[in-house]
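In UniProt numbering, the protein residues as written are 1 to 107.
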């Protein structure tokens, strides 16, 4: 969900048949469950900042890991200390493995 601005622009401009891409930031999407539900119902790809992904998944609980098929963490080599991606991954580590095991039958 988190991509650098250059990658985000590239992904948002993808013209793949029947694939809708949403490029969201804290300033482009209201922080409501209804808006996130609408976004997920109408788009197959959501590009978001690390901070927004952390908030949507871990803080607001508007997005669950079970709703995701793929999570790309661009620039994850910066995910240390208080970085939002590091915080998200630390808090979700075991939950991610439980979800994967449930979806695939193995990890």
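For every residue, glycine included, the Cβ atom is placed at its ideal position computed from N, Cα and C.
As the structure is a prediction and not an experimental result, all values here were calculated from the model.
At what residue ranges does the segment 27-78 contain a whole run of the beta strand (DSSP E), taking only runs of 3 or more?
-> 45-48
Drop a sphere of 10 angstroms on the beta-carbon of residue 63, count the other beta-carbons inside from all chains shown, and report buried for 16 or more, exposed for fewer.
-> buried
With DSSP as the reference, label residue 99 as helix, strand or coil.
-> helix
According to the neighbour-count rule (16 or more other Cβ atoms, all chains shown, within 10 Å of its Cβ), is residue 56 buried or exposed?
-> buried
Below 8 Å CB to CB, which residues in the same chain sit around residue 41 once its five sequence neighbours on both sides are set aside?
-> none
Around the Cβ of residue 20, are there at least 16 other Cβ atoms within 10 angstroms (buried) or fewer (exposed)?
-> exposed
C-alpha gap between residue 89 and residue 68, whole angstroms | 15 Å
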